[in-house]
Each structure stands twice: as C-alpha cells, then as structure tokens.
Amino acid sequence: MFLTALLCHSRIPGRQWIGKHRRPRFVSSRAKQNMIRRLEIEAENHYWLSMPYMTREQEHGHAAVRRKEAFEAIKAAATSNFPPHRFIVDQLDHLNVTRKWS
1 MFLTALLCHS RIPGRQWIGK HRRPRFVSSR AKQNMIRRLE IEAENHYWLS
51 MPYMTREQEH GHAAVRRKEA FEAIKAAATS NFPPHRFIVD QLDHLNVTRK
101 WS
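Those letters in the sequence shown? Residues 1 to 102, by full-length UniProt numbering.
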C-alpha cells in the first residue's frame, strides 16, 4: 500500500496510522529513554507511597479543624453578599401617613 503511494506519487485512500493495515510506528531511542524515565519516576512514587507517614490513629481526624474552618469561611463568604431582609411593613409604611389612632 505504501509502495503504491511512493511509486505513483498519488494519495491512496484511507488513513495510514489507523486501521487493520496501518503503517507501523517505529520506537525511537528517545521514546525508549522517556518511557524508562517515566517508569523510574513511577517506581519511586510507589516506593514512597508504600510507607505511611502517619499511623492510622494520627491520620484519623487530623484535618477536621482545618476542614471546619474552611467550611465556615465559605459559609461566611456566601452570606456576606446576601442582601438584607425586606419586610412588608417597611415597604408599605408610606401608606400609613393618614391613619389616625385614637
């Protein structure tokens, strides 16, 4: 298929990188180096994550205070932009000008 395209100098139908008879992609030395580097980083991450920093007792509830403070800050920020309450008495108070109480 690719020999035909080379010899005929014309485009042949289909996509060359996908499909059953796709063009093989060769692995370069740079790609091998990148893959080895990624695998080494992954192995190091696995090593460090395999050893816990804190015990289960220390880890349980260690962020409860910080989480509560963050929630209170979010709640205060949400309520700070809330408009003040409006009452019907305040809205219709101008109608009570002529009302006389005995």
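Note that the Cβ used here is the ideal one computed from N, Cα and C, for glycine as well. Keep in mind that this is a model prediction, so the values were computed, not measured.
A direct Cα-to-Cα measurement between Ala31 and Glu42 gives close to 16 Å. Per DSSP, Thr79 is one residue of the alpha helix (DSSP H) stretching across Ala64 to Ser80.
Here Arg15 has Arg22 as same chain residues with Cβ atoms under 8 Å from its own Cβ, once five neighbours each way along the sequence are excluded. DSSP, reduced to helix, strand and coil, places Tyr47 within a helical segment of the structure shown.
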